[in-house]
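**Student:**
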Amino acid sequence: MDYQKLAIVGEVGAGKTQMIGTLSEISPFKTEAESSIDIGKKHTTVGIDYGRISLSEDTSLGLYGVPGQERYSFLWEFVNNSLWGLLILIKYGDAPDYDNLDKLFTFFEPNTNQTTCIVAVTHCDDANDQGLIALGQEIQAMLEHHEIVAPILNIDPRNRESALSVLHVFNAINSQI
Amino acid sequence: MKCITYVSKVVARQNGATIPTGLSQIFRSARKNNVYFNITGVLSYRNGYYIQVLEGNNEDLDRLFSMIASDSRHEQVVVLLDFPISERSFAEWDMKLLESVQKDSRFLSFVQKYNKQISSLSNGQLETLGHFYKPGSLSNEKLGGYNAKDLMLNAWPDFRVVKQTPVIIELCARLTKQPYPYASLLDSGHFGTQKQLDKILNGFETLGILRVTQAGNDGNNANGKQQPNRFYLKMKDFLRLS
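These protein sequence lines map, in sequence, to chains V and P.
Take 361 as the starting number for the first sequence in this note's numbering and just add one per residue.
Take 143 as the starting number for the second sequence in this note's numbering and just add one per residue.
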C-alpha cells in the first residue's frame with residue numbers, strides 16, 4: 361500500500377474543511393464545534409479533519425486538515441511525519457498572524473525536512489490586485505526568512521478545479537525530489 | 143505642490159525576520175486619506191526596505207509625511223527628495239504598489255526627469271537609494287542568451303504576473319530545486335520551442351528571480367534524466383482524468 365499524507369494547515373475560516381470536502385472521495389471526518397466567539401461562521405475546526413483520495417487500489421493520498429493556531433500544535437506533531445506536502449492556507453481580508461505563521465514554519469521546517477510546501481491564499485473573490493500583491497510580498501518575506509522556496513497561489517477551496525490545481529503543483533514539485 | 147521621496151527600513155521582529163507587516167492592510171483599504179487629500183505616488187518593498195514617492199499639496203503632504211515618519215512599523219526614514227513640482231509624475235495612482243521600481247517605466251521616467259536632483263544626492267543617500275535603484279545599471283541589462291548556461295529560480299514567480307499553466311508549473315518545479323542546464327530543458331521538449339522557452343525565462347529574469355550561471359561548473363546540476371516515482375505517475379493520471 362502506497363499511502364501519502366497532505367497536511368492542510370490554516371487559521372479559523374481559511375478553508376481547510378472546505379478544501380478537504382472538495383477533494384475527498386469519502387465523506388470527510390470533521391471535528392467542527394460551534395464557535396463561542398464571532399468568527400464570521402457558526403462552526404470551526406477543533407481537531408483534525410480527514411479525507412482521502414484513492415489513486416488506485418493500493419495507492420492513496422490522505423488529507424489532514426489541522427488548525428493553524430499554536431494551541432493546537434499537538435496536532436501538528438501528529439501529522440508532521442513523512443508528509444507528501446504541507447499546504448498553508450491564509451485567508452485574504454484578515455491581517456495574517458505572522459507570529460503564528462512564524463511558529464508554524466519553525467515547527468514544520470519544510471526546508472530542513474525537505475517537505476514540499478505551498479502557501480495558498482483563499483477568499484480572494486473580493487480582493488483587489490494591489491492588496492493581493494502586498495499580501496504576497498508579506499508572505500514571501502516570511503518564506504525567505506525561513507529559507508523556504510514555495511509558490512504562493514490564490515485558490516478557491518470550493519472550486520474543484522482550483523483545489524485540484526494545488527495537487528498538480530505539489531505533484532510537479534515532488535517529481536523533482 | 144511638492145514631491146517627497148524617502149527610503150525606510152522595516153522594523154525587524156524579535157526573531158530577526160523583516161516582514162513588511164501592514165503592507166496588505168494599506169492596500170486592502172481604499173487608501174481613503176490619499177484620495178481625500180489628492181496625494182499620489184508609488185510604494186515598493188524590497189529586502190527589508192520601503193521606498194515611497196509622494197506627490198501633493200505642500201501642507202497636506204507635510205502632514206501626511208509626518209504621520210508616516212512616526213509610524214512604528216518602520217525606522218531609519220531617510221528623505222532623499224523634497225522639492226517643488228509643477229506637475230505630478232503619478233497622477234492616476236493614489237498609491238501604486240510596485241514590485242520593482244527598477245523595472246517600472248513610470249518610475250524610470252520620474253528618475254530621468256529629476257536626474258538633476260538625484261545626481262546631487264550625497265553618497266550616503268545614493269547608497270540608500272541603491273536598495274531599489276542604481277543609476278545607470280539598466281543600460282547594461284540584457285535578457286536572454288541562455289546557451290551553455292545553468293538556470294535556477296530563487297523564488298516562485300508571482301502568478302498574478304506570470305500565467306499559472308501546467309507548463310510553467312513544471313518548469314518552476316524543476317528550476318527551484320537545483321541548477322538546471324538550459325540545453326536539457328530545451329531537449330526535453332516539455333517547454334515548447336526555443337523561442338517559447340526563452341520568452342518564459344525572460345519573464346522570470348525580468349522579475350529578478352532567475353539566476354543564470356555558466357553550465358556544469360560544480361557538477362551538481364540536474365541532467366533531466368531522473369525517473370519519476372510511482373506515486374507521481376498515479377497522481378498525474380488521477381489529475382488528468384479528474
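All C-beta atoms, glycine included, are put in the ideal place defined by N, C-alpha and C.
Would you call the region 522-530 of chain V and the region 204-218 of chain P touching, i.e. three or more CB-CB distances under 8 Å?
**Tutor:** Contact between the region 522-530 of chain V and the region 204-218 of chain P is absent, because fewer than three Cβ pairs lie under 8 Å.
**Student:** By the 10 Å Cβ neighbour count, where 16 or more other Cβ atoms means buried, how is Thr466 (chain V) classified, buried or exposed?
**Tutor:** To locate residue 466 (chain V), count along the first sequence from 1; it is residue 106. Exposed: under 16 other Cβ atoms inside 10 Å.
**Student:** With a Cβ-Cβ cutoff of 9 Å, do Leu435 (chain V) and Gly411 (chain V) count as a contact?
**Tutor:** Here residue 435 (chain V) is taken as the residue at index 75 of the first sequence, counted from 1. Here residue 411 (chain V) is taken as the residue at index 51 of the first sequence, counted from 1. It is not a contact, given that the beta carbons lie outside the stated cut-off.
**Student:** Three-state secondary structure (DSSP) at Gly370 (chain V)?
**Tutor:** What you label residue 370 (chain V) is simply residue 10 of the first sequence in a count that begins at 1. If DSSP states are grouped into helix, strand and coil, Gly370 (chain V) belongs with the strands.
**Student:** If you count every other CB in all the chains shown that lies within 10 Å of the CB of Arg382 (chain P), and 16 or more means buried, which is it?
**Tutor:** In the second sequence, counting from the first residue as 1, residue 382 (chain P) sits at position 240. It counts as exposed.
**Student:** Looking only at C-alpha atoms, which of P:Leu295, P:Asn200, P:Ile260, P:Tyr275 sits nearest to Tyr192 (chain P)?
**Tutor:** Sequence index remark: in the second sequence, residue 192 (chain P) carries index 50 (1-based). Here the closest residue by C-alpha is P:Tyr275.
**Student:** Does DSSP put Met211 (chain P) in a helix, a strand or coil?
**Tutor:** Locating residue 211 (chain P) in the second sequence gives position 69, counting from the first residue. Note that residue 211 (chain P) is Ala in the sequence shown, not Met. Correct three-state label for Ala211 (chain P): helix.
**Student:** So is Tyr424 (chain V) buried or exposed if we call it buried at 16+ other beta carbons inside 10 Å?
**Tutor:** As a first step, residue 424 (chain V) is located in the first sequence; it is residue number 64 there, counting from the start. Burial call: buried.
**Student:** Where does the unbroken beta strand (DSSP E) through Trp444 (chain V) begin, and where does it stop?
**Tutor:** For this step, residue 444 (chain V) is matched to residue 84 along the first sequence. 443-451 is the span of the beta strand (DSSP E), which, as asked, contains Trp444 (chain V).
**Student:** Between the region 228-257 of chain P and chain V, which residues of the former have a C-beta closer than 8 Å to a C-beta of the latter?
**Tutor:** Here the close residues are Lys238, Leu239, Glu241.
**Student:** What first and last residue would you give for the alpha helix (DSSP H) that runs through Asn344 (chain P)?
**Tutor:** Locating residue 344 (chain P) in the second sequence gives position 202, counting from the first residue. Residues 336-348.
**Student:** For Phe346 (chain P), I'd like the list of residues in its chain whose CB is within less than 7 Å of its CB, leaving aside the five on either flank, ordered along the chain.
**Tutor:** As a first step, residue 346 (chain P) must be located in the second sequence, where it is residue number 204. Around Phe346 (chain P): Leu295, Pro299, Leu352.
**Student:** For Leu134 (chain P), which of helix, strand or coil comes out of DSSP?
**Tutor:** A question about residue 134 (chain P) goes unanswered here, because the residues of chain P that appear run from 143 up to 384.
**Student:** Using a Cβ-Cβ cut-off of less than 9 Å, list which residues of the region 446-459 of chain V approach chain P; keep chain order.
**Tutor:** Listed by position along the chain: Tyr452, Gly453, Ala455, Pro456, Tyr458, Asp459.
**Student:** Reducing DSSP to helix, strand and coil, say where Asn514 (chain V) ends up.
**Tutor:** Position 154 of the first sequence, counted from the first residue, corresponds to residue 514 (chain V). In the structure shown, Asn514 (chain V) sits in a strand (DSSP, three-state: E or B).
**Student:** Can you look up Pro323 (chain P) in the DSSP assignment and give me helix, strand or coil?
**Tutor:** As a first step, residue 323 (chain P) must be located in the second sequence, where it is residue number 181. Residue state, collapsed to three classes: strand.
**Student:** Please list the partners that Gly496 (chain V) has in chain P, where partner means a Cβ-to-Cβ separation under 7 Å.
**Tutor:** Taking the first sequence and counting its residues from 1, the one referred to as residue 496 (chain V) is at position 136. Those within 7 Å of Gly496 (chain V) in chain P are Asp300.
**Student:** Can you name the residues that DSSP bridges to Phe385 (chain P)?
**Tutor:** The structure shown does not extend to residue 385 (chain P), since chain P spans only 143 to 384, so no value can be given for it.
**Student:** In chain order, which beta strand (DSSP E) runs of at least 3 residues are fully inside the region 253-297 of chain P?
**Tutor:** If we require 3 residues or more, the beta strand (DSSP E) runs fully inside the region 253-297 of chain P come out as 291-295.
**Student:** Between Ile181 (chain P) and Asp236 (chain P), how many whole angstroms is the CB-CB distance? I'm expecting something under 8 Å.
**Tutor:** In the second sequence, counting from the first residue as 1, residue 181 (chain P) sits at position 39. In the second sequence, counting from the first residue as 1, residue 236 (chain P) sits at position 94. Right, the Cβ-Cβ distance comes to about 7 Å (below 8 Å), so this counts as a contact.
**Student:** When you check each C-beta in the region 504-531 of chain V against every C-beta of chain P, which residues fall closer than 9 Å?
**Tutor:** Those residues of the region 504-531 of chain V that come within reach of chain P (Cβ to Cβ, closer than 9 Å) are Glu504, His505, His506, Val509, Ala510, Pro511, Ile512, Leu513, Asn514, Arg520, Glu521, Leu524, Ser525, Leu527, His528, Val529, Phe530, Asn531.
**Student:** Can you give the beta carbon distance from Ile162 (chain P) to Glu498 (chain V), rounded, assuming they're within the 8 Å contact cut?
**Tutor:** Position 20 of the second sequence, counting from 1, holds the residue named residue 162 (chain P). Position 138 of the first sequence, counting from 1, holds the residue named residue 498 (chain V). Checking the sequence, you will find Pro at residue 162 (chain P) rather than Ile. So it is a contact: roughly 6 Å between Cβ atoms.
**Student:** Restricting to Cα atoms, I'd like to know which of V:Pro456, V:Leu446, V:Asn460, V:Asp457 is closest to Ala510 (chain V).
**Tutor:** Taking the first residue of the first sequence as 1, we reach residue 510 (chain V) at position 150. Ranking the options by Cα distance to Ala510 (chain V), first place goes to V:Leu446.
**Student:** In terms of residues, what are the limits of the alpha helix (DSSP H) holding Asp459 (chain V)?
**Tutor:** To locate residue 459 (chain V), count along the first sequence from 1; it is residue 99. Start and end: 458-468.
**Student:** From this set, P:Val152, P:Asn157, P:Asn175, which residue's C-alpha is nearest Asn189 (chain P)'s C-alpha?
**Tutor:** As a position in the second sequence, residue 189 (chain P) is number 47, starting the count at 1. Comparing Cα positions, the closest option is P:Val152.
**Student:** Would you call the CB atoms of Gly375 (chain V) and Arg518 (chain V) closer than 9 Å?
**Tutor:** By 1-based counting over the first sequence, the position of residue 375 (chain V) is 15. By 1-based counting over the first sequence, the position of residue 518 (chain V) is 158. A contact, by the Cβ cut-off of 9 Å.
**Student:** Closer than 7 Å, Cβ to Cβ, to anything on chain V: give me those residues from the region 321-343 of chain P, in chain order.
**Tutor:** Per Cβ criterion, the list is empty.
**Student:** So, is the C-beta of Ser262 (chain P) closer than 9 Å to a C-beta in chain V?
**Tutor:** Within the second sequence, numbered from 1, the residue matching residue 262 (chain P) stands at position 120. Judged by the 9 Å Cβ criterion, Ser262 (chain P) is not in contact with chain V.
**Student:** 9 Å is my cut-off, CB to CB: does Cys314 (chain P) come that close to chain V?
**Tutor:** The residue labelled residue 314 (chain P) in the question sits at position 172 within the second sequence. True, the Cβ-Cβ gap to chain V drops below 9 Å.
**Student:** In the DSSP assignment, the alpha helix (DSSP H) including Asp538 (chain V) goes from what residue to what residue?
**Tutor:** This structure gives no information on residue 538 (chain V), because the portion of chain V shown stretches from 361 to 537.
**Student:** Going by the CB atoms, is the gap between Glu371 (chain V) and Ile325 (chain V) shorter than 9 Å?
**Tutor:** In the structure as shown, chain V begins at 361 and stops at 537. Residue 325 (chain V) is therefore absent and cannot be evaluated.
**Student:** Please report whether the beta-carbon of Phe373 (chain P) lies at a distance below 9 Å from any beta-carbon of chain V.
**Tutor:** Position 231 of the second sequence holds residue 373 (chain P). Yes, Phe373 (chain P) counts as interfacial toward chain V.
**Student:** Between the region 309-319 of chain P and the region 528-537 of chain V, can you find at least three pairs of beta-carbon atoms closer than 8 Å?
**Tutor:** Contact between the region 528-537 of chain V and the region 309-319 of chain P is present, because at least three Cβ pairs lie under 8 Å.
**Student:** Asn176 (chain P): which of P:Gln218, P:Arg205, P:Pro308 sits nearest, CA to CA?
**Tutor:** Taking the first residue of the second sequence as position 1, residue 176 (chain P) is located at position 34. Asn176 (chain P) has its Cα closest to that of P:Arg205, out of P:Gln218, P:Arg205, P:Pro308.
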